[in-house]
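For reference, the structure is listed below as structure tokens.
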Amino acid sequence: MRLRGAGCAKREETKLENYVKAVLYVYPRLERLEKDCEEHIRNRAFMSYDYRTTTERLSEELAEEIIRKGLIRELKRKTDAAIGALKKEEKFLLELRYFRRKSRLKQFCGETDFKEIGSERNYYRRQAKLLKKVSGALQAQGLTKETFFSDYARFDWLMSVYRFIEAGKEGRNAAKEHSLVEFLYGKSTGPTFRELWKKGKKRDG
Numbered sequence: 112m113r114l115r116g117a118g119c120a121k122r123e124e125t126k127l128e129n130y131v132k133a134v135l136y137v138y139p140r141l142e143r144l145e146k147d148c149e150e151h152i153r154n155r156a157f158m159s160y161d162y163r164t165t166t167e168r169l170s171e172e173l174a175e176e177i178i179r180k181g182l183i184r185e186l187k188r189k190t191d192a193a194i195g196a197l198k199k200e201e202k203f204l205l206e207l208r209y210f211r212r213k214s215r216l217k218q219f220c221g222e223t224d225f226k227e228i229g230s231e232r233n234y235y236r237r238q239a240k241l242l243k244k245v246s247g248a249l250q251a252q253g254l255t256k257e258t259f260f261s262d263y264a265r266f267d268w269l270m271s272v273y274r275f276i277e278a279g280k281e282g283r284n285a286a287k288e289h290s291l292v293e294f295l296y297g298k299s300t301g302p303t304f305r306e307l308w309k310k311g312k313k314r315d316g
């Protein structure tokens with residue numbers, strides 16, 4: 112299925128770095144990931160009595176985990192700064208494409224007239240333009256493609272998202288987005304949207 116209005120915008124987006132998309136897709140989970148990392152560090156410290164692990168080795172492992180936790184926190188801080196500078200409508204666009212947190216979507220839908228964004232074709236063009244804007248903001252924060260790989264190549268959960276995008280497998284996500292956009296434009300109330308809205312519950316938190 113060809114998504115109307117998405118063609119030209121998609122060609123523009125391919126010129127951008129896919130690492131920015133990967134960061135945006137994982138952004139809603141960063142706070143939880145940092146807390147999980149902190150809990151893991153605490154548990155490892157409590158297991159210091161385990162005779163199978165030397166004190167030296169345990170110290171090295173804890174140091175590595177602390178560094179990982181700091182990198183996750185930095186990634187969230189930089190992304191927070193990039194998103195925080197956006198207008199309300201731009202934040203809404205990010206929610207629609209990347210985050211899909213049910214509570215936030217409901218809030219934005221109550222505060223924003225979606226038709227102010229313009230035509231459906233204009234929606235996709237604005238998404239492409241917004242991605243460029245976020246990319247520039249992240250680079251200004253020091254998150255370039257080079258630093259992304261040097262700092263986060265060992266984070267499997269982030270690299271798997273990046274590889275997924277690089278392989279051109281965003282089609283399913285794009286189809287869900289299209290269904291949601293059509294609903295907001297008053298063109299569809301089909302089950303695809305309802306299923307997507309229900310799945311949004313899992314993204315809250």
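Our numbering puts the sequence shown at residues 112 to 316. Ideal Cβ positions, reconstructed from N, Cα and C, are used throughout, including at glycine. Predicted model only: the values in this text are computed from it and were never measured.
{"query": "Residue environment, Phe157, which counts as buried when at least 16 other CB atoms sit within 10 Å", "result": "exposed"}
{"query": "Status (buried if at least 16 other CB within 10 Å, exposed otherwise) for Val131", "result": "buried"}
{"query": "Contact between the segment 203 to 216 and the segment 237 to 249 (3+ Cβ pairs under 8 Å)", "result": "yes"}
{"query": "Arg184 and Glu150 closer than 8 Å at C-beta", "result": "no"}
{"query": "Glu288 versus Glu176 - alpha carbon distance", "result": "36 Å"}
{"query": "Cα-Cα separation between Arg232 and Leu186, rounded to whole angstroms", "result": "32 Å"}
{"query": "Three CB pairs or more closer than 8 Å across the segment 190 to 198 and the segment 248 to 268", "result": "yes"}
{"query": "Beta-carbon proximity of Pro139 to Arg188, cut-off 8 Å", "result": "no"}
{"query": "Residue from Lys202, Arg179, Glu142 with nearest C-alpha to Ile152", "result": "Arg179"}
{"query": "Same chain, Cβ closer than 8 Å to Arg155, five either side skipped, listed in chain order", "result": "Leu169, Glu172, Leu173, Glu176"}
{"query": "Inter-residue Cα distance where the pair is Asp262 and Met270", "result": "11 Å"}
{"query": "Cβ pair Glu277, Asn129 closer than 8 Å", "result": "yes"}
{"query": "Separation of Ser290 from Arg115, as counted between CA atoms", "result": "Low confidence applies here, because Arg115 scores a pLDDT of 48, under 50, leaving its location unreliable; read the following figure in that light. Each residue's alpha carbon lies about 11 Å from the other."}
{"query": "DSSP three-state assignment for Ser230, whether helix, strand or coil", "result": "coil"}
{"query": "Cα-Cα separation between Leu242 and Arg143, rounded to whole angstroms", "result": "24 Å"}
{"query": "Own chain partners of Leu135 with C-beta closer than 6 Å, once the 5 adjacent residues on each side are dropped", "result": "Tyr209"}
{"query": "Spatial distance of Leu182 from Cys148 (CA atoms)", "result": "11 Å"}
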